[in-house]
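S.K.: The number in this note's numbering is simply the position in the sequence shown, starting from 1, with 4 added.
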Amino acid sequence: MIVNEMYTPAMIGLAISGATDWLDGYVARKMNIDSVVGSYLDPLADKVLMACVAVAMLHNHLLHPGLVGLVVFRDVFLVGGAVYLRGSSLGWKWKSWHDFFNLDGKVRQKVEPLFISKVNTVFQLVLVAAALLQPEFGTPETQIYVTYLSYLVASTTMVSSAAYGAQYSRRFAIAAN
């Protein structure tokens, strides 16, 4: 939809996606349902969705290429780091994805987002919404807010990347000992 400049329907689709993602997490918390595989797959799905949306928006010149590159790089870094930490915690020995994701619960290692990452996600969503609405409803004056949001997202993305980098460094050091 974004590539075809159907921005309002794309915005509605993203709102539905966000609402169902929130509802899924809410129900899981209320019913005390948590799983290692869910702790990996839910953020992975969020990152894939955000990357696809960002690339489509880049195609239509709605987001700056440097910002999209930064966000996608951070997400690849986070996913790669999580997979590396999980593999190293298992001594790089597992027989199946069942073992890797610990579906039987023997060696639980869930992915837990940092607070700055949650803040970054909120700013990313606000930026995507503002940039999607700008072509149909914005004015040249409101474009400045999209620019400010872009700088804000770039800043929180870099801070989040640094925080995860520090966390991964500590965990790698612990795993090496």
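Ideal Cβ positions, reconstructed from N, Cα and C, are used throughout, including at glycine.
1) Taking D52 as the reference, give the member of V31, V75, V40 with the closest Cα.
2) State the Cα-Cα distance for the pair V132 and A58, rounded to the nearest angstrom.
3) According to DSSP, is E9 part of a helix, a strand, or is it coil?
4) By the three-class DSSP mapping on this structure, what secondary structure does I120 have?
5) Suppose you measure from the CA of V7 to the CA of P144; what does that come to, to the nearest Å?
6) Using only the alpha-carbon positions, how far apart do K34 and H63 sit?
7) Thinking C-beta only, is T160 closer than 8 Å to F186?
8) Taking Cβ to Cβ, would you say A14 is nearer than 8 Å to M5?
9) Report buried or exposed for P47, applying the criterion of at least 16 other Cβ atoms within 10 angstroms of its Cβ.
10) Would the beta-carbon of R78 fall within 8 Å of that of S164?
11) Using three-state DSSP, classify E145 as helix, strand or coil.
12) Considering G91, what are the terminal residues of the alpha helix (DSSP H) in which it resides?
13) Which value, in whole angstroms, describes the spacing of the CA atoms of I16 and I178?
14) Round the Cβ separation of A32 and D25 to the nearest angstrom and send it over; I've been treating them as touching at under 8 Å.
15) What's the C-alpha gap between Y149 and A49?
16) For F105, which residues in the same chain have their Cβ closer than 7 Å to its Cβ, ignoring the five residues on either side in sequence?
M.R.: Quick look at the numbers:
1) Counting from 1 along the sequence shown, the entry for residue 52 is found at position 48. Before going further, note that residue 52 is Val rather than Asp in the sequence given. The shortest Cα separation from V52 among V31, V75, V40 belongs to V75.
2) Walking along the sequence shown from the start, residue 132 turns up at place 128. Walking along the sequence shown from the start, residue 58 turns up at place 54. Taking the straight line joining both Cα atoms gives about 8 Å.
3) As a working note, residue 9 is residue 5 in the sequence shown. Coil at E9, not helix or strand.
4) Your numbering for residue 120 matches position 116 in the sequence shown. In this structure, I120 counts as helix in the three-state DSSP scheme.
5) Here residue 7 refers to the residue found at position 3 of the sequence shown. Here residue 144 refers to the residue found at position 140 of the sequence shown. Going from the Cα of V7 to the Cα of P144 covers about 22 Å.
6) By 1-based counting over the sequence shown, the position of residue 34 is 30. By 1-based counting over the sequence shown, the position of residue 63 is 59. About 40 Å.
7) Because the chain here runs from 5 to 181, residue 186 falls outside it and cannot be looked at.
8) For the purposes of this step, residue 14 is identified with residue 10 of the sequence shown, where counting begins at 1. For the purposes of this step, residue 5 is identified with residue 1 of the sequence shown, where counting begins at 1. A contact, by the Cβ cut-off of 8 Å.
9) To locate residue 47, count along the sequence shown from 1; it is residue 43. So P47 ends up on the buried side.
10) Looking up residue 78 in the sequence shown gives position 74. Looking up residue 164 in the sequence shown gives position 160. The answer is yes: Cβ separation under 8 Å.
11) Walking along the sequence shown from the start, residue 145 turns up at place 141. Here E145 sits in coil by DSSP.
12) Taking the sequence shown and counting its residues from 1, one reaches residue 91 at position 87. First-last of the alpha helix (DSSP H) with G91: 69-93.
13) By one-based count along the sequence shown, residue 16 stands at place 12. By one-based count along the sequence shown, residue 178 stands at place 174. Looking at the two C-alpha atoms, the distance is approximately 45 Å.
14) Counted from its first residue, the sequence shown places residue 32 at position 28. Counted from its first residue, the sequence shown places residue 25 at position 21. With 8 Å as the limit, A32 and D25 do not qualify as a contact, their Cβ atoms being about 11 Å apart.
15) In the sequence shown, the residue the question calls residue 149 occupies position 145. In the sequence shown, the residue the question calls residue 49 occupies position 45. Near 28 Å, if we compare the C-alpha coordinates of A49 and Y149.
16) Taking the sequence shown and counting its residues from 1, the one referred to as residue 105 is at position 101. Within the same chain, F105 has close Cβ partners V40, V41, Y44.
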